[in-house]
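Shown next, in the form of C-alpha cells:
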C-alpha cells in the first residue's frame, strides 16, 4: 500500500485531466467526477432523452413523438433513472387525462457541454477511422 501511495505521489498528474485528489486513483471510484459524469449519461437512449430535454420541458407524449423509435417502457425507464440521478424532475399536470411533464434540473442542464464534446469527439474519431 505504501508503494502505491509513493507511486501516485511521484506521478506527474496532468492538472487539466486530474485537477484534484478525487481523480487520483488507480481504479474507478464512485466519487470520481469523471465516473459521475459517465454514469449520468450512461444507458441506451439516455443521451437522446437528455438532448430533447435540453430544449425545455416536454410531456411524455412529446418525448415519444420526438423519439418515435423508443418504446414507452424504455422511455419510462430512462426518465425514471434520470429522476433517480437528480437530472430530471417530473411534474404531474392538472386535467384529464393526467399529463406528465419532464424538465432538466440544474445538474441535468450542466451536462450540455459534455454532450456537445462527446458529439465532437465522436465525429473526430469517426473521421480518423
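In our numbering, the protein residues as written are 145 to 273. Think of the CB as a built atom: it goes at the ideal place given N, C-alpha and C, for glycine as much as any other residue.
Would you mind reading off the limits of the beta strand (DSSP E) that contains residue 171?
Start at 1 with the first residue of the chain shown, and residue 171 comes out as number 27. First-last for residue 171: undefined, no H or E at that position.
Cβ contact (3+ pairs, closer than 8 Å) linking the segment 225-236 and the segment 158-178
no
Determine the closest residue to residue 252 out of 165, 192 and 166, with distance taken between C-alpha atoms.
What you label residue 252 is simply residue 108 of the chain shown in a count that begins at 1. Residue 192 is the option with its Cα nearest to residue 252.
Alpha carbon to alpha carbon, how far is residue 266 from residue 194? Give it in angstroms, no decimals.
Along the chain shown, read from residue 1 onward, the residue named residue 194 stands at position 50. Along the chain shown, read from residue 1 onward, the residue named residue 266 stands at position 122. For residue 194 and residue 266, the distance between alpha carbons rounds to 17 Å.
Taking only the alpha-carbon atoms, compute the straight-line gap between residue 247 and residue 200 and give it to the nearest angstrom.
Within the chain shown, residue 247 is the residue found at index 103, counting from 1. Within the chain shown, residue 200 is the residue found at index 56, counting from 1. Their backbone Cα atoms lie some 7 Å apart in a straight line.
By DSSP, does residue 251 sit in helix, in strand, or in coil?
Residue 251 sits at position 107 when you count from the first residue of the chain shown. In this structure, residue 251 counts as helix in the three-state DSSP scheme.
Could you tell me which uninterrupted beta strand (DSSP E) segments, each at least 3 residues in length, are contained entirely in the segment 205-252, listed from first to last along the chain?
232-237 and 243-248
Output the distance between the C-alpha atoms of residue 187 and residue 262, rounded to the nearest integer angstrom.
Numbered from its first residue, the chain shown carries residue 187 at position 43. Numbered from its first residue, the chain shown carries residue 262 at position 118. Taking the straight line joining both Cα atoms gives about 15 Å.
Just checking my contact of residue 236 with residue 202 at CB under 8 Å: how many whole Å lie between their CB atoms?
Residue 236 sits at position 92 when you count from the first residue of the chain shown. Residue 202 sits at position 58 when you count from the first residue of the chain shown. Between residue 202 and residue 236 the Cβ distance is about 14 Å, and since that is not below 8 Å, they are no contact.
Going by DSSP, which residues form a beta bridge with residue 203?
Here residue 203 refers to the residue found at position 59 when the chain shown is read from its first residue. Answer is 245, bridged to residue 203.
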